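K.L.:
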Amino acid sequence: MNDFDAFPPTPLTLEIAEIVLAITPIRIGEIPALLAAVRPFAHRLVDGDPDWLALLADNGDALITAIAVASRRPQEWVSGLAMDDAIRLATALFEVNADFFVQRVVPTIQHAAARINAQMSGPLAGLTPSTV
68 MNDFDAFPPT
78 PLTLEIAEIV
88 LAITPIRIGE
98 IPALLAAVRP
108 FAHRLVDGDP
118 DWLALLADNG
128 DALITAIAVA
138 SRRPQEWVSG
148 LAMDDAIRLA
158 TALFEVNADF
168 FVQRVVPTIQ
178 HAAARINAQM
188 SGPLAGLTPS
198 TV
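The numbering used here applies: residue 68 is where the sequence shown begins, and numbers increase by one.
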């Protein structure tokens, strides 16, 4: 371990809607709410360059919740942002937390999906309550 690894990361400072935000990596207590919010679209974060407009169109409420959790701002504040501010904020949050999303969230969801798929294609596949 490098001596510098023990230092907390320097926050990314970003001004959004006349408020200066210090963007830092997600904290342990925020993980459950963030995971719940990103679950519907986590698979779309894999390539490292999310299409924020498409995510907003397909999963708007979940994306707004995820941005609110990760930015530590109220959901109403995030909902009231101009589109360009929301995209800049989402991009900054993703960049600061990229390791968390790409190395932790997406593989976990992919693993869970594989387990569910394996169970569904197992010995009981195709059975319905009327055929059991």
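Note that CB positions come from ideal geometry on N, CA and C, so glycine has one too.
From a predicted model like this one, the values you see are computed outputs, not experimental measurements.
By Cβ distance below 7 Å, which residues in the same chain neighbour Ala133 in space, the five residues on each side in sequence not counted?
P.N.:
Here residue 133 corresponds to residue number 66 of the sequence shown, with the count starting at 1. The residues are Leu101, Ala104, Val105.
K.L.:
Anyone know if the C-beta pair for Ile83 and Asp152 falls short of 7 Å?
P.N.:
Walking along the sequence shown from the start, residue 83 turns up at place 16. Walking along the sequence shown from the start, residue 152 turns up at place 85. Result yes, Cβ atoms of Ile83 and Asp152 sit closer than 7 Å.
K.L.:
Rounded to whole angstroms, what is the Cα-Cα separation between Pro117 and Pro99?
P.N.:
Stepping through the sequence shown from its first residue, residue 117 is reached at position 50. Stepping through the sequence shown from its first residue, residue 99 is reached at position 32. Each residue's alpha carbon lies about 21 Å from the other.
K.L.:
Just to confirm the assignment, what range does the beta strand (DSSP E) spanning Val87 have?
P.N.:
Along the sequence shown, one-based indexing puts residue 87 at 20. Element bounds for Val87: 86-90.
K.L.:
Counting only the same chain and skipping the five closest in sequence on each side, list residues whose C-beta sits under 6 Å from that of Asn126.
P.N.:
Locating residue 126 in the sequence shown gives position 59, where the first residue counts as 1. Closer than 6 Å at Cβ, skipping near neighbours: Pro107, Phe108.
K.L.:
So, are the CB atoms of Val136 and Leu79 less than 7 Å apart?
P.N.:
The residue given as residue 136 occupies position 69 in the sequence shown. The residue given as residue 79 occupies position 12 in the sequence shown. No, these two residues do not count as a Cβ contact at 7 Å.
K.L.:
For the ligand PLP, any of its heavy atoms closer than 6 Å to the Cβ of Val163?
P.N.:
The model depicted lacks the ligand PLP and carries no ligand whatsoever.
K.L.:
Thinking C-alpha only, which one of Gln142, Phe161, Ala185, Leu81 is nearest Val113?
P.N.:
In the sequence shown, residue 113 corresponds to position 46, counting from 1. It is Phe161.
K.L.:
Under the rule that 16 or more other beta-carbon atoms within 10 Å means buried, what is Ala157, buried or exposed?
P.N.:
Your numbering for residue 157 matches position 90 in the sequence shown. Taking every protein chain shown into account, the CB of Ala157 has 16 or more other CB atoms within 10 angstroms, so this residue is buried.
K.L.:
Taking 7 Å as the threshold (C-beta atoms), are Leu120 and Leu130 in contact?
P.N.:
Taking the first residue of the sequence shown as position 1, residue 130 is located at position 63. Taking the first residue of the sequence shown as position 1, residue 120 is located at position 53. Not closer than 7 Å, so no.
K.L.:
Could you have a look at Leu156 and say whether DSSP puts it in helix, strand or coil?
P.N.:
Within the sequence shown, the letter at position 89 stands for residue 156. Residue state, collapsed to three classes: helix.
K.L.:
Just tell me which of Ile154, Ser146, His110, Arg155 has its CA closest to the CA of Ala181.
P.N.:
As a position in the sequence shown, residue 181 is number 114, starting the count at 1. Out of Ile154, Ser146, His110, Arg155, His110 has the C-alpha closest to the C-alpha of Ala181.
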